[in-house]
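For reference, the structure discussed in these notes is given below.
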């Protein structure tokens, strides 16, 4: 199996090429003589649930637990 890398360099992303992820320059960029740079890690896009959603899930869990006890 191929080894998966965490992030491809921007040049490989634009070319839609397989990036080996080596730093500071990936092998493909080095071979092609193109500038190789990596985007800074993106912030997590997960959002904490709001209070209403949390309460709804909590109530649902309580209902399921009650059914299991019966």
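In this note's numbering, the protein residues as written are 1 to 70.
Heads up, the beta-carbon is just placed ideally off N, CA and C, and yes, glycines get one too.
Segment limits, alpha helix (DSSP H) that includes residue i
i	result
residue 63	51 to 69
residue 11	10 to 15
Cβ-Cβ distance between residue i and residue j below 9 angstroms
i	j	result
residue 34	residue 8	no
residue 38	residue 23	yes
Alpha-carbon to alpha-carbon, residue j and residue i
i	j	result
residue 20	residue 13	12 angstroms
residue 17	residue 28	9 angstroms
residue 63	residue 70	11 angstroms
residue 59	residue 48	18 angstroms
residue 6	residue 32	22 angstroms
residue 53	residue 36	44 angstroms
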